[in-house]
Each structure stands twice: as C-alpha cells, then as structure tokens.
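Engineer: If you're matching positions, the sequence shown starts at 1 in full-length UniProt numbering and goes up one per residue.
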Amino acid sequence: MASTLSYNAPFPVAAMAWANTSGPQQYLQSPNVLQRPTPVAHSPESSFRLAIGSFVEDYSNQIQVIGLNSGLPLTDPDVPPIGYDGSDFNVLASTHHGYPATKIAWEPSTSSPHSPLKRSKSELIASSSDVLKIWEYNQESNLEANSGFIHTKNGTNTPGSLNLISQLTPKTPGTAAPLTSFSWNETIPSRIVTCSIDTTCTVWDLDTRTAITQLIAHDREVYDVQWLPRSSDIFVSVGADGSLRAFDLRSLEHSTILYETTPPTSSSDKKRSNSPLLRLEFNPHDSNYLATFKHGSGEINILDMRSPGAPVTNIKGHNGNISSISWKSDGSLLATGSDDRTVQVWDINKSKRSNNSSSKANVVTESIANHKSAYQVHSIEWSKRKNSNWIAMASNYQIKLLKL
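1. Do V312 and I322 count as a contact pair if the criterion is CB distance below 7 Å?
2. Report the rounded CA-to-CA distance for G160 versus S297, giving the unit in angstroms.
3. When the Cα atoms are used, what is the spatial distance from V343 to M16?
4. Buried or exposed: P263, going by 16 or more other Cβ atoms within 10 Å of its Cβ?
5. Rounding to the nearest angstrom, what Cα-Cα distance links T194 and L290 in this structure?
6. What number of angstroms, rounded off, separates the C-alpha of S94 from the C-alpha of A217?
7. Smallest Cα separation from M305: which of I325, I315, D88 and T292?
8. Quick check on DSSP: helix, strand or coil for N138?
9. Here's a check: name, in chain order, each residue in its chain whose Cβ is nearer than 6 Å to the Cβ of S324, leaving out the five neighbours to either side.
10. On a CA-only basis, which of A335, I300, H371 and T21 is nearest T110? Give me that one, please.
11. Report buried or exposed for V225, applying the criterion of at least 16 other Cβ atoms within 10 angstroms of its Cβ.
12. Is it buried or exposed for S147, if we count other Cβ within 10 angstroms and need 16 for buried?
13. Identify every run of the beta strand (DSSP E) within the UniProt repeat "WD" (315-356), keeping only runs that are complete inside it and at least 3 residues long; order them along the chain.
14. Between N32 and the rest of its own chain, which residues show a CB-CB distance below 6 Å, the 5 nearest in sequence each way excluded?
15. Pull the bridge partners of residue 419 from the DSSP assignment, please.
16. Comparing C-alpha positions only, which one of Q167, I234, Q214 and Y375 sits nearest to residue 414?
17. Which runs of the alpha helix (DSSP H), 4 residues or longer, sit entirely within the UniProt repeat "WD" (215-257)?
18. Please report how far the alpha carbon of T213 lies from the alpha carbon of A176, in whole angstroms.
19. So what's S181 in DSSP terms, helix, strand or just coil?
20. In whole angstroms, what is the alpha-carbon distance linking V222 and I197?
21. Give the single residue among G317, D339 and A310 whose Cα lies nearest to the Cα of H295.
22. From the DSSP secondary-structure annotation, give me the bridge partner or partners of A374.
23. With DSSP collapsed to three states, give me the class of S129.
24. Measuring alpha carbon to alpha carbon, tell me which of I234, R272, T265 and E260 ends up nearest H254.
25. Do I391 and W382 come within 7 Å of each other at the CB atom, strictly closer than that value?
26. Taking the C-alpha atoms as reference points, what is the distance between N396 and I257?
27. Among S115, L117 and F55, which residue has its Cα nearest to the Cα of S129?
28. Pull up the distance between the alpha-carbon of E123 and that of E57, whole angstroms please.
29. Measure the CB-CB distance between G317 and P284 and report whether it falls below 7 Å.
30. Note the first and the last residue of the continuous beta strand (DSSP E) segment covering K360.
31. Could you spell out where the beta strand (DSSP E) holding residue 452 opens and where it closes?
32. How many Å lie between S275 and V238 at the Cα?
33. How would you call P116, buried or exposed, if buried means at least 16 neighbouring beta carbons within 10 angstroms?
34. Within 10 Å of its beta-carbon, does G309 have 16 or more other beta-carbons around it, so buried, or fewer, so exposed?
35. Going by beta carbon distance, what residues of the same chain come within less than 7 Å of W184, once the five residues before and after it are set aside?
36. Starting from R191 and walking both ways along the beta strand (DSSP E), at which residues does that stretch end?
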C-alpha cells in the first residue's frame, strides 16, 4: 500500500477533518477538465475523504471536500499521482467561507440518515468561525444541466456541492464573539457544543437550531471543548486561564477543575497568569484519559480524569511548540504535530518513571515514528476508520496522508 498520499491546495490549510463514513459514491476525474467526471462503484478508497479549510487574512476563505482519486490503486506503492491537478486527490466540492474556519468536522457516524437538516444521500459538515455553520454536502447532486459537474468560484469543476443550510448565532444580533472550536456529540448527534473567546460554551440543538444552554465556562478565552466519549451530557474545555474543566448538563450549578497549569518560569510579571491550555483530545478507547498541551510548549500532558490535579504521563520529544494532537481510533497511539516541522507518533504504554523526584508522572521521550515536513505542521488528524494507520497532516499549502 502507498505510504504517502498528497494534495496540493490552492490556499494555506488551517482546519482539516476526515470523513467519519464512506461516501455514497466516488468519481474519477479526467485530466481533461472539460470532460464529465465518471462515477465509479463504491470502494474502500471512498473513505479517503477530507474536509479542509483555508487560512488567509481576509474574507475570501474557502472550505473544500477532497477525495482520493479512484483511479489510484492503493495496493501499489509506486503508482504516481494522476489527479488532474497533479496530486492524489480530487476536489469533490468547494465553497466560500468568509473568515477562516477554526475547526471543521463531519457529522458523527451515528447520525440518522433521516435528520430534518438533510436529504437522505447527503452528509453534514460543521465549521466554526464568527458563527457555527452547518453545511450539506451532496456528492452527486446540484449538477448543472448537460454538464455533469458544477463550477466553483476558483474555476475548477467538481461533481458535488456544499450548501450552507444553517448559521447558529445568539438570539441578540451582533453579540456573537468568534468561536474557537466545537464538538459534535456522537450519542445525540443533534447536539453540538461550541466555545468562544467571550469565555462561554454554548450547547446547540441542530434540529431546532436553538441554544439549549450557554454558560460562562472560564475566566478568560475558551480555546477548545470536547464531549466525553459516549456521553450526551458531560463535556470538557480548556482555555487561556490555564484550566481544564468538566461540565455536566444535568448539573450546571458548578464545574469541576480537573487540572491547572502554572505560570511560565520565564515570566517577569508579578501578576503572572497560568500558561494557557490550547487543545484537548480524549482517548477514544478509554475516556478516562485525555491529552492536552500548553501555549508555547513542546510537551504534551496525559491526564486521568479519575485522579485530577496532575498529569499521569508527560511526552517530551519535540523541539518546537505543539500545534496539534490526535489519537488512533483504538487509543493505542497518539500523534503530535509541531512547529519543529515534524509529526511524531507515541506509544504511551512505553512511558518510564520520571527522574524528577517531585513529579509522579511517567515520561515518554522516544517516539515510535517520525515524519519530517518542509514546513511547520499546523494540523494533524488520525483516520476515523477502525484500526486505520493513516494520519493526515496539514502543512502550509499541502495535505499529506501518512501510513504508519
């Protein structure tokens, strides 16, 4: 099987997400852009679909859905790229997004095909920026008459479409603060929780397009939020105040602080604040464990929710700041991306006791795999397919899929 696949985007890539299911059908794009794309039978390759978002400093950002060129046999490691743009992927759909997407996600695999938001053969994609946007992705509909494909604003031909079907904002117009992230609930797929720089988290009901609740979650900006796996009520957030907090929709009178960072040792300010926590990621197999990292740090902390207060394992191996983290679907491995231009994969079970007598945490210092990039790694994500060994990496204008 090919060990590396690539896509050269027309923009710097910021947000990225694997599809959670295989698509209804895949298309083979001819090198001749005037020729109608040819539909092919459903195949395992159709699981290789990603939604990606650009990062440019104006209102001209885009999101795309890309899919593996179905004419590229995955069983042959030496097959050259044959996509019409010179890469292994084709653009299946593209649309204007305005501000950069801070996160993109496909609907959970547990979503009902009879959701009131979509048609039976379409899929939903969510993105966050100034507001939460819900898109309907149709892989084979909305085609122009007599052509078989639609034209995107950048002049390329795509067999599918992305249609904005909902924008979720506060009831009071003009009061929405930019969103930093969100999480789609797998147990109740009609629920999404968002977090914002205004210190709040908001739980949304997609079916009614209304907010279930909004709460002040942190003392400062909230940078990330995730539902506890297999829970419809509990979510965890991290923010600029350096805390990791758990909330339960059944009891919102209080929250539980699971972990707090300490001020940077280099800070000279007498009123030193704790180091911000930027991202968190639950182990998909064992939801007691989650990974997080601090702003300006090359270290990843593994926490156990059953024993809050301090990490149980620290990963130390990057020479630059951590930018992204992602667990393998079975929870056995953790991938990390960094400004040091590497993607590294870690086996937490190979951690060793720290030499620091004041720390009870184990330490992992040697990765089991290391991929070097030409540019800083902005985002990584492990494929959602069971036991998949494919990791997607976004670096500058390029998406790379790496097989471990």
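Just so it is clear, CB atoms sit at the ideal spot from N, CA and C, and this is done for glycine as well.
Structural biologist: On the basis of the coordinates in this document:
1. It is not a contact, given that the beta carbons lie outside the stated cut-off.
2. Cα to Cα, G160 sits roughly 41 Å from S297.
3. If I take the Cα positions, the gap works out to 15 Å.
4. Exposed, since its Cβ has fewer than 16 Cβ neighbours within 10 Å.
5. Approximately 19 Å, taken between the alpha carbons.
6. Taking the straight line from one Cα to the other gives about 34 Å.
7. Among I325, I315, D88 and T292, the Cα nearest to that of M305 is on T292.
8. Note: N138 maps to strand in three-state DSSP.
9. These residues qualify, in order along the chain: G337, S379 and I380.
10. Ranked by how close their Cα comes to the Cα of T110, the residues A335, I300, H371 and T21 have T21 in first place.
11. Its Cβ being crowded by 16 or more others within 10 Å, V225 is buried.
12. Any answer about S147 is weak, because its pLDDT of 36 lies below 50 and its placement is not dependable; what the coordinates show is given next. Its Cβ having fewer than 16 others within 10 Å, S147 is exposed.
13. Here the runs fully enclosed are 322-327, 334-338 and 342-346.
14. Its pLDDT being 46, under 50, N32 is placed unreliably in this model, and the value from its coordinates should be taken loosely. Within the same chain, N32 has no close Cβ partners at all.
15. Coverage of the chain is limited to positions 1 through 404, which leaves residue 419 absent and any answer about it impossible.
16. The first residue shown for the chain is 1 and the last is 404, placing residue 414 beyond what the model contains.
17. The qualifying runs do not exist here; there are none.
18. Between T213 and A176, the C-alpha separation is close to 15 Å.
19. In this structure, S181 counts as strand in the three-state DSSP scheme.
20. V222 and I197: Cα-Cα distance of roughly 6 Å.
21. Considering only alpha carbons, the answer is D339.
22. Within the DSSP bridge table, the entry for A374 names no partner.
23. DSSP places S129 outside both helix and strand once states are collapsed to three, so it counts as coil.
24. When each option's Cα is compared against that of H254, the closest is I234.
25. Yes, these two residues count as a Cβ contact at 7 Å.
26. For N396 and I257, the gap between their C-alpha atoms comes out near 36 Å.
27. In this structure, F55 is the residue among S115, L117 and F55 with its C-alpha nearest to the C-alpha of S129.
28. For E123 and E57, the distance between alpha carbons rounds to 29 Å.
29. No. Outside cutoff.
30. Premise fails: K360 is in no beta strand (DSSP E) and is neither H nor E.
31. Absent from the structure is residue 452, since the part of the chain shown begins at 1 and ends at 404.
32. Distance between the alpha carbons of S275 and V238: 11 Å.
33. Exposed, by the Cβ-count rule.
34. Here G309 is exposed, its C-beta having fewer than 16 other C-beta atoms within 10 Å.
35. If the five residues before and after W184 are omitted, its C-beta is found closer than 7 Å to the C-beta atoms of A105, E107, P108, A126 and I192, all from its own chain and listed in chain order.
36. Unbroken beta strand (DSSP E) run through R191: R191 to S196.
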